[in-house]
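Here the structure comes first, spelled out in structure tokens, and everything after it is commentary.
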Amino acid sequence: MTLPSYMPTIVDAIYFIAAVLFIWGLKRMSSPRTARRGIVWAGGGMAAAIIVTFFLPGIHNLGWMIGAIVVGVVISWIVGRRVPMTAMPQMVALFNGMGGGAAAAIGAVELIRFNVALKLVTTTLPVQPQAQATAAGHLGATELTLAFVGVLIGAVSFTGSLIAFAKLQGWMDRRFVFPLQRWVNLAIFIAAVVCGALALAAGIEGHAFAWGLLIAFFALALVFGIAMTLPIGGADMPVVISMYNAFTGLAVAFEGFVLQNEAMIIAGMVVGAAGTLLTQLMAKAMNRSLGNVLFGNFGAGGGAAQQEIAGALKPIDANDAAVMMAYAERVAIVPGYGMAVAQAQHKIWEFAKLLIERGVKVKFAIHPVAGRMPGHMNVLLAEAGVPYDLIEDMDDINPEFPNIDVALVIGANDVVNPVARTDKNSPIYGMPILDVAKAKNVIVIKRGRGKGFAGIENALFYADNTRMLYGDGQAAAGELVTGLKTLDA
Amino acid sequence: MTLPSYMPTIVDAIYFIAAVLFIWGLKRMSSPRTARRGIVWAGGGMAAAIIVTFFLPGIHNLGWMIGAIVVGVVISWIVGRRVPMTAMPQMVALFNGMGGGAAAAIGAVELIRFNVALKLVTTTLPVQPQAQATAAGHLGATELTLAFVGVLIGAVSFTGSLIAFAKLQGWMDRRFVFPLQRWVNLAIFIAAVVCGALALAAGIEGHAFAWGLLIAFFALALVFGIAMTLPIGGADMPVVISMYNAFTGLAVAFEGFVLQNEAMIIAGMVVGAAGTLLTQLMAKAMNRSLGNVLFGNFGAGGGAAQQEIAGALKPIDANDAAVMMAYAERVAIVPGYGMAVAQAQHKIWEFAKLLIERGVKVKFAIHPVAGRMPGHMNVLLAEAGVPYDLIEDMDDINPEFPNIDVALVIGANDVVNPVARTDKNSPIYGMPILDVAKAKNVIVIKRGRGKGFAGIENALFYADNTRMLYGDGQAAAGELVTGLKTLDA
Amino acid sequence: MITGFLALYIFMLAAFTGYEIISRVPVILHTPLMSGSNFVHGIVLVGAMVALGHARTSIEIAIGVVAVLLAAGNVAGGYVVTERMLEMFKTSKSEKSANK
Amino acid sequence: MITGFLALYIFMLAAFTGYEIISRVPVILHTPLMSGSNFVHGIVLVGAMVALGHARTSIEIAIGVVAVLLAAGNVAGGYVVTERMLEMFKTSKSEKSANK
Ligand SMILES: NC(=O)c1ccc[n+]([C@@H]2O[C@H](COP(=O)([O-])OP(=O)(O)OC[C@H]3O[C@@H](n4cnc5c(N)ncnc54)[C@H](OP(=O)(O)O)[C@@H]3O)[C@@H](O)[C@H]2O)c1
Ligand SMILES: NC(=O)c1ccc[n+]([C@@H]2O[C@H](COP(=O)([O-])OP(=O)(O)OC[C@H]3O[C@@H](n4cnc5c(N)ncnc54)[C@H](OP(=O)(O)O)[C@@H]3O)[C@@H](O)[C@H]2O)c1
Chain A
1 MTLPSYMPTI VDAIYFIAAV LFIWGLKRMS SPRTARRGIV WAGGGMAAAI
51 IVTFFLPGIH NLGWMIGAIV VGVVISWIVG RRVPMTAMPQ MVALFNGMGG
101 GAAAAIGAVE LIRFNVALKL VTTTLPVQPQ AQATAAGHLG ATELTLAFVG
151 VLIGAVSFTG SLIAFAKLQG WMDRRFVFPL QRWVNLAIFI AAVVCGALAL
201 AAGIEGHAFA WGLLIAFFAL ALVFGIAMTL PIGGADMPVV ISMYNAFTGL
251 AVAFEGFVLQ NEAMIIAGMV VGAAGTLLTQ LMAKAMNRSL GNVLFGNFGA
301 GGGAAQQEIA GALKPIDAND AAVMMAYAER VAIVPGYGMA VAQAQHKIWE
351 FAKLLIERGV KVKFAIHPVA GRMPGHMNVL LAEAGVPYDL IEDMDDINPE
401 FPNIDVALVI GANDVVNPVA RTDKNSPIYG MPILDVAKAK NVIVIKRGRG
451 KGFAGIENAL FYADNTRMLY GDGQAAAGEL VTGLKTLDA
Chain B
1 MTLPSYMPTI VDAIYFIAAV LFIWGLKRMS SPRTARRGIV WAGGGMAAAI
51 IVTFFLPGIH NLGWMIGAIV VGVVISWIVG RRVPMTAMPQ MVALFNGMGG
101 GAAAAIGAVE LIRFNVALKL VTTTLPVQPQ AQATAAGHLG ATELTLAFVG
151 VLIGAVSFTG SLIAFAKLQG WMDRRFVFPL QRWVNLAIFI AAVVCGALAL
201 AAGIEGHAFA WGLLIAFFAL ALVFGIAMTL PIGGADMPVV ISMYNAFTGL
251 AVAFEGFVLQ NEAMIIAGMV VGAAGTLLTQ LMAKAMNRSL GNVLFGNFGA
301 GGGAAQQEIA GALKPIDAND AAVMMAYAER VAIVPGYGMA VAQAQHKIWE
351 FAKLLIERGV KVKFAIHPVA GRMPGHMNVL LAEAGVPYDL IEDMDDINPE
401 FPNIDVALVI GANDVVNPVA RTDKNSPIYG MPILDVAKAK NVIVIKRGRG
451 KGFAGIENAL FYADNTRMLY GDGQAAAGEL VTGLKTLDA
Chain C
1 MITGFLALYI FMLAAFTGYE IISRVPVILH TPLMSGSNFV HGIVLVGAMV
51 ALGHARTSIE IAIGVVAVLL AAGNVAGGYV VTERMLEMFK TSKSEKSANK
Chain D
1 MITGFLALYI FMLAAFTGYE IISRVPVILH TPLMSGSNFV HGIVLVGAMV
51 ALGHARTSIE IAIGVVAVLL AAGNVAGGYV VTERMLEMFK TSKSEKSANK
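Chains as they are written, first to last, in my numbering: chain A, 1 to 489; chain B, 1 to 489; chain C, 1 to 100; chain D, 1 to 100.
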């Protein structure tokens, strides 16, 4: 296939437009009103960029290429469409890891080609001048360095994200901790850097890398990603995923430099910076520092050292609970991960609407990390049609709890656990919580004695003013609705 | 002077740091808390960039260069230091015009050099190969086009800003309007573009430009800047200056491209975009569109068509005014350009503090375009030490005026003129105003029957509940203070 | 040819842009935005295609295919997931106005 | 060497950056910010120095001197004026806390 000579210019122009659309799209994505359009625009730019790449001069292996694209796109598309909303965080982790792996693989191809070309040059110079020109020729010291750095962070993002995926998916229930772990991890990291630096130094001097060093570098980078992520608890995974997202962005930018592709440089760098900031914002929302997330061994089990909780669980039946709320003046509904699991948001909103009709003042109290991803509850309540002005942030509603007659907790646990305030030995000590315990009465909907994400007991459930309404979230909410309706009938 | 070979790299590095500091500095300048540091950082970057430029290889004419820098810096510095705060807007115009002129001059030098080099090449080729290499060699079609565009907008910014300066300085009292003016201006613009395009086409084909065309292009561009600015009224000057500021930024970016200087490209482009947006925001604050500002012939006199105002001016003396406010519950102070002229902000604040001590609730009501630059009043009141929480924006205070016992207007006129609401023929019709007329009583401090910026009568002054306190702003405020003190004694 | 300083300028400006985009985003949009930027770095597919397109030895082709496969997964999955999440916000908006 | 597309990328990113910096600035800071950006384009002095530094014929030198002179005025004046305006805001802040 011979292409017209102006083709590369057209390709460059499309890449440029794609880069603009990415930035534009991301900007729109930062407000709920314009977000949907944003992703569509960015998607258009992406599709155009991918299509024109086929028309770059000197592109071979088209069969392999199309096959790999079709397989990758179809599988991801189906998985992404089918997966339940509750599994979104691990999906993001998975796809992000794939991007990191791709960036690392690109770097690997370039480094191997550099090596092969140099070997060919020194041993059999006149045989393959073309290979030498395309590869070894254009990798200067800067390009080589960035290729190595890109491979390192891309590989870490790859295996790290896969571990994060496995943990959130529930495939690896336990955190994997052993003594001196940090030192072992540090050793792996240093070994990877040393191997890489030695190979790099050879490359900059114009020699081929030793294959052994190169392979060791790849392997150690992959292992480090695993080792670094294993000890981090599942509750911290969204922050970690966001960090790996930034990593992938940087790796893409660096490999884009190696390939002299501006669109990759810009898109990668934008994501790198955006992801870095987003990581910090997320850590802040969970009241943690990034260092604490990565090395803090949060949620380290430690049940042994925890204080004992006195008191008993006092059940209540749905009708009594409905009556209690029907005659209350103010009710606060506190949803948590259990509401997401039970998909109870529609029933709860139906119940809340009935209360509002009776003149009860109803608010939804949302903890920033309720559920399994930041903003999880907002997404679900939005889906059910709850208007924004009934939804209150933690900071706004906390001072109001003493005036609230009934706090209805549905499937929340850790985010209302007063232990975070009182018990220094608790793994969630220091996390800001919703002050539900201060409400006059508390009703808790959950299925049984199941623990929350952090795996600890909750003193709230044993408090004098708390009653337990056992059952699946959706079923219990349905019973509450029925209870209210019989009251009116 | 022989310079070490790594010098250009160091220069590039410093340019890079300067560009980062500019962006960083501008970002900090967008919040009052961090603004001061911002300009200092940007200034440091600028100083470093200027100094290292001397160390670029092949820089000649050092004597001229240092001389011109010293003269330019010293004069501007002294003028900038000495000038009163009220004259700030015209100073910004002046310095901005200088930047535009510089950008145009750079473009002119490059274009002339291109011409000379080409002539040398075609006529006496072997004589001056060096001149050819430095100039004609590197100006491709893109560079030439941007050089021309840069000269055009730089020149327009230059003469346009000088006219704006002259108007604000009071050197050109009248707007200069004649029939068919827009068409004449359009003709000048088209003539400039045609001359430039013809010369450019020759240059792209590899011929030298005709000197006549080139000179006509320069001259017409300069004339267009004047012609475009002459019909615009002084009240719109801040918007126009902001627009020329953006022009200069773009011109700098384009000439930076011609010179292959990244710092100029980036700084210029950032200012270009920032200035464009700022222009729009300013026009919006004055309730005008940019097109209306440029072509609307605002403030076109038009006194003839205006409605007559019935009523008489009713004077009050300072003691009575002081007593009135001393026994009021709520007082709103409405400052305008006259307070700036009289430098009365300190006295007014002293008076306000005395009122507050007596238990009167005092607010300052600020119109966004009171004075002669956006934020003018805020700057002055801040200087006097008025705390921010006493200062209210137009939108916040307007609904409160009916509850206000005394509105004290000091040196404001157009921004409180109810004619803007009522008289469609008035040049300020449609401008949002402060609803002072709705206050229970109004006291107006001004020197006499002087008109405001728009040059029209003010119906407020003739209203039944308005009393005039004649005198210079500072003196009148002083009398009010004395009046209050004697009351207490 | 993008050389050292030019690359630095582009890195710097792009980083600034990314930073600005994210600052002042409400917590509620953190996950969709993470997912959206995850999609954007799917542009790595273009790079993977170039790497595979120029691959000659079979080891290069093998790694290149892996790169394209992974990158394609990143692009498609990132888009679908982001779109699904944002769709829900849209629903909320229209329902909200209907409810008010 | 900055060629067409690279220049476009840089223009685009710088423009986006400038736009982002200005959006959401309060009216009260419009004038200082205008003055500050006026100072920033004073970087034209560097270009004027290069133009003058490479000038050979006397007409080039003459225009070059004018360019340097104007640009130097832009830089120095822009700085002084901006600094003076912002200084007042600083005063307000410290006085404000003293007053409260
Ligand atoms: N938002 C984020 O970004 C994020 C991400 C990752 C982790 N986390 C962590 O996740 C936790 C979130 O706290 P949370 O209070 O929302 O949830 P949680 O602490 O995980 O508690 C969920 C509770 O819901 C109950 N539940 C489960 N399925 C249910 C069903 N079908 N019907 C009714 N109840 C059901 C469970 O008790 P039963 O089994 O007895 O029913 C469980 O106690 C925090 O520790 C947070 O740090 C947050
Ligand atoms: N803020 C901006 O960005 C900007 C920029 C340019 C133009 N403008 C325009 O400027 C006008 C601003 O309105 P404004 O109400 O602030 O001012 P104004 O309408 O210009 O009125 C100022 C008044 O102050 C009085 N005055 C002057 N010197 C005084 C002194 N020493 N002591 C006491 N009074 C004195 C004058 O009357 P006497 O002569 O009788 O004393 C005059 O009526 C608007 O038309 C606006 O569009 C605004």
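Every residue gets a Cβ at the ideal spot worked out from N, C-alpha and C, and that includes glycine.
For L33 of chain D, the neighbours in chain B by C-beta distance under 9 Å run, in chain order, L26, M29, S30, A35, A274 and L278. If you ignore the 5 residues before and after G154 of chain A, its C-beta comes within less than 6 Å of the C-beta of G100, A103, A104 and A251, all in its own chain and listed in chain order. In the structure shown, Y470 of chain B adopts extended strand secondary structure according to DSSP, grouped into three states.
At a beta-carbon threshold of 8 Å, the residues of chain C lying near A14 of chain D are L13, ordered along the chain. Within the segment 200 to 237 of chain A, the alpha helix (DSSP H) runs of at least 4 residues that lie entirely inside it are, in chain order, 211 to 229.
Annotation for R82 of chain B: the continuous alpha helix (DSSP H) segment containing it runs L62 to R82.
Ranked by how close their Cα comes to the Cα of A370 of chain B, the residues B:F254, B:N425, B:E350 and B:M431 have B:M431 in first place. Going by DSSP, L460 of chain B is part of no beta strand (DSSP E) at all; its letter is neither H nor E. With the criterion CB distance below 5 Å from any heavy atom of ligand 1, the matching residues run A:A235, A:P238, A:G336, A:Y337, A:G338, A:V341, A:A342, A:V369, A:A370, A:G371, A:R372, A:M373, A:P374, A:G411, A:A412, A:N413, A:D414, A:V415, A:K446, A:R447, A:G448, A:G450, A:G452, A:F453, A:A454, A:D472 and A:G473 along the chain.
According to the DSSP assignment, I333 of chain A belongs to no alpha helix (DSSP H) but to the beta strand (DSSP E) extending over R330 to P335. As the crow flies, the alpha-carbon of A197 of chain B is around 48 Å from that of R421 of chain B.
Nearest in C-alpha terms to S426 of chain A, of all of A:A454, A:A49 and A:V436, is A:A454.
CA-to-CA, the gap between M172 of chain A and I266 of chain A works out to about 36 Å. The distance from the Cβ of G73 of chain C to that of F95 of chain A is about 6 Å, consistent with a contact at the 8 Å cut-off.
Looking at the DSSP output, F364 of chain B shares a beta bridge with B:I333 and B:I391. For I190 of chain A, the closest of A:A365, A:A221 and A:Y327 by C-alpha to C-alpha distance is A:A221. Leaving aside the five residues that flank A477 of chain B on each side, the residues in its chain whose CB is nearer than 6 Å to its CB run, in chain order, A344, K347, I348 and F351. Linking P89 of chain A to W24 of chain B through their CA atoms gives a straight-line distance of about 34 Å. The beta carbon of F39 of chain C falls within 8 Å of a beta carbon belonging to chain A, placing the residue at that interface. In terms of Cα proximity to L434 of chain A, the closest of A:I404, A:A246 and A:M65 is A:I404. Along the segment 65 to 78 of chain D, the positions whose C-beta sits under 9 Å from a C-beta of chain B are V65, V66, A67, V68, L69, L70, A71, A72, G73, N74, V75, A76, G77 and G78, read in chain order.
Exclusion of H346 of chain B from the 7 Å shell around ligand 2 follows from its C-beta lying no nearer than that to any non-hydrogen atom of the ligand. Chain B places no beta carbon closer than 8 Å to that of L8 of chain D, leaving this residue out of the contacts.
Cα atoms of R372 of chain B and D236 of chain A: separation of roughly 54 Å, rounded to the nearest angstrom. The bridge partners DSSP lists for A407 of chain A are A:A332 and A:V442.
Beta-bridge partners assigned by DSSP to P315 of chain B: B:M468. At least one heavy atom of ligand 2 lies less than 7 Å from the C-beta of M286 of chain B.
Look at L152 of chain A here: in three-state DSSP terms it is helix. Under the 8 Å criterion on CB atoms, V116 of chain A is classed as non-interfacial with respect to chain D.
An exposed status is given to Y6 of chain B, since fewer than 16 other beta-carbon atoms sit within 10 Å of its beta-carbon.
The beta carbons of Q474 of chain A and A342 of chain A sit closer together than 8 Å.
The beta-carbon separation of E262 of chain B and Y15 of chain B, rounded to 7 Å, stays under the 8 Å limit for a contact.
In this structure V52 of chain B does not touch V83 of chain B by the C-beta definition: roughly 31 Å separates them, more than the 8 Å allowed. Classified as exposed, W183 of chain A has fewer than 16 neighbouring CB atoms from the shown chains inside 10 Å of its CB. Around the C-beta of W41 of chain A, 16 or more other C-beta atoms lie within 10 Å, and the residue is accordingly described as buried. The straight-line gap separating the alpha-carbon atoms of V436 of chain B and A384 of chain B is approximately 23 Å.
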